[in-house]
Structures are given as structure tokens and as C-alpha cells.
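Numbering (the working numbering), first residue to last: 1471 to 1790. Working notes, structure below.
In C-alpha cells, the structure reads:
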């Protein structure tokens, strides 16, 4: 199972104790995958359609615990076509019970007419902080996903309308994460791409086991990245040192071939011969070999002086 699937499996098993939180989560689920049907005789039916067994199980449990209904809810499994997908359908067939649920979810107006759309949810359902957490949890359960954190950090919830996306973003931001919205074809995506903020989202939704799993992955990734940066830095320094030593040796050989060691100024001939004898030595090691020893800056100054003499000699000889 994917990391996103693991998160949803954990969330599907969490049933809020408070009725108002169950209503908030059910409102989110209804807004994402629910619809209200009215027969010719004016009787109501509520239909939930999902391809995720976690959503179907959570919706069934919320309806049963919140409204004490069981026989009025049926589940169907549909398959069809080459790429058959399992579709779970929950139906609240009883007219009176459907009305009761619609009233509880604030989907019926004062005139008894059902709202034109079930999204976004009524703000009265998400006044409490705990209810906002439940609402976000329900929305993610139906339409959310999290990328594999071992590869990248990306959290998103797909919404069918800008109004629902804006409502979700407004509910998330007070908790801390900077939820952004982008349009993708006909959908509106509420997304977060910062690893630490995705950890916060898991905490908001109370997916604590998944939160610890993600934190462990983040720690491993951070250590791995630090090691890679250190290795790359050391490799770059080694290459820089080697290239510098190669250039120094080329300049020294050019000087020795052109005018001999005895023509070099005092103090330069010793360091020139040491560099040729010890091509892998660092500046500090070369300085310690001299009598009397000198520091890195002194060695670097003398080697740069040798390079300058080599350049002057090349110029006099026409770059030969």
C-alpha cells in the first residue's frame, strides 16, 4: 500500500466521540462524494459514491453512529469495462431519515428546500477547532493524496469548485500550514509542498502513526542529504587542490627547464623542489617540510610567485 493509502487507512479507523465532529466530517464527505436525489413524488434519497473502501467504511460508520441507522444504508460494488474499478455506493433510502440527515448537515433551508449544492459546507458545522480538524480529515479521506515522502513532499486535496477549495484553504491556514490553490483542468487543488507543513497536516487530521512514519523518513532524507552535500563539498575541494597542484607543477617544470633551479630567487627553489617531490602534499604539509617551517599562507605566496615567474617567462619566450 502507498503512503497515502496508509494515511487513509489510519484516518478511516478514527471515529470522533463528539457528535458535532462526526457531523463536520460527514459534511466534508457529503460535499466531496455525496449527492441528494429527489423522486417525482418528492421523496429524498442520499447517495454516496466512492472508489475507496476506506471512505465507504468511514461513511457507513459515521452514519450508523451519528444517526443510528443501519438497514437504511446499502453498499453496492460495481465493475465494468477493461479497466474495471470497484465503486462503492451507499444509499440512505428512507425519506424521513434522509431529511433528518440533511437537516443535521445544514443542507435544508427554512422552506424545506435542499441546497442547490452540497459544497461548500455550512460554516455553522465548522465553528469549533475540533470540527475543523474533522472536516479537513473527511475532505482528505475522499479527495486527498500525499506523495511518497521518500521521493518528494506533496500534499493535495482535489475540489470540484473554487468555493470548496477556498473554504478548505481558509480552514487549514489558521492551524499553520500555508495551503495554496491551483486550477488543474476543471478541478481546484488545495496543496502543500513543504515537508514540515505536511507533518503539521497529519497532526491536524490526527494521523499520528503516519506522522511518526513521515518524520522518520524526513530524518533519514535529511541525514542522507547532509552526507551527500559533505561528500560533494569534499570532492570539490579535492579536485580544486589536485588541479592547483597540477598547475603548480607545470609552472615549476617550465621554470626549471627554462632557466634552472639556481636562477630562482631565495626561498622559491626549496618550495619548488618540494612540490615536485610531493605532488599530493597539502600546503600545510609542504610548509612543515621546510627548514625553518612556514605556514600555509607563506607556502601559498611562494607558489603563486613561482606561477607568476612562469607566466613572465612564457611571455618573454612568446608563449612557448
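All C-beta atoms in this analysis are idealised placements derived from N, C-alpha and C, irrespective of residue type, glycine included. All of these numbers come straight from a predicted model, not from anything done at the bench.
The Cβ-Cβ distance between residue 1774 and residue 1737 does not fall below 9 Å. Proximity to residue 1475 across 1685, 1523 and 1532 peaks at 1523, based on C-alpha coordinates. In terms of CA proximity to residue 1627, 1608 leads the group 1494, 1618, 1619 and 1608.
Residue environment for residue 1677: buried (at least 16 other C-beta atoms within 10 angstroms of its C-beta). Taken in chain order, the unbroken stretches of beta strand (DSSP E) that lie wholly in the region 1644-1719 and span 3 residues or more are 1650-1654 and 1657-1662. Counting along the chain, the unbroken beta strand (DSSP E) around residue 1504 starts and ends at 1504-1508. CA-to-CA, the gap between residue 1539 and residue 1671 works out to about 32 Å. The continuous stretches of beta strand (DSSP E) do not include residue 1786, which lies in the alpha helix (DSSP H) extending over residues 1766-1786. Of the other Cβ atoms in all chains shown, fewer than 16 fall within 10 Å of the Cβ of residue 1727; this residue is therefore exposed.
Taking a contact as a CB-CB distance under 8 Å, the pair residue 1530 and residue 1560 counts as one, their CB atoms being some 6 Å apart. For residue 1487, the three-state secondary structure derived from DSSP is coil. Considering only 1662, 1485, 1619 and 1720, the residue with the shortest C-alpha distance to residue 1638 is 1662.
By the Cβ-count criterion, residue 1568 is buried, with 16 or more other Cβ atoms from all chains shown falling within 10 Å of its own Cβ. Out of 1741, 1495 and 1636, the CA that lies nearest to the CA of residue 1602 is found in 1495. If you check the CB distance, residue 1629 and residue 1658 come in under 9 Å. With a 10 Å radius around the Cβ and a threshold of 16 neighbouring Cβ atoms, residue 1507 comes out exposed. In this structure, residue 1490 lies away from residue 1578, with their beta-carbon atoms at least 9 Å apart. When DSSP states are grouped into helix, strand and coil, residue 1607 belongs to the helix group. Annotation for residue 1523: the continuous alpha helix (DSSP H) segment containing it runs 1523-1537. In the DSSP assignment, residue 1519 is bridged to 1559. Contact check between the region 1675-1694 and the region 1738-1755: fewer than three CB pairs, one atom from each, fall below 8 Å, which does not count as touching. Residue burial is scored here from C-beta neighbours: residue 1721 has at least 16 other C-beta atoms within 10 angstroms and is therefore classed as buried.
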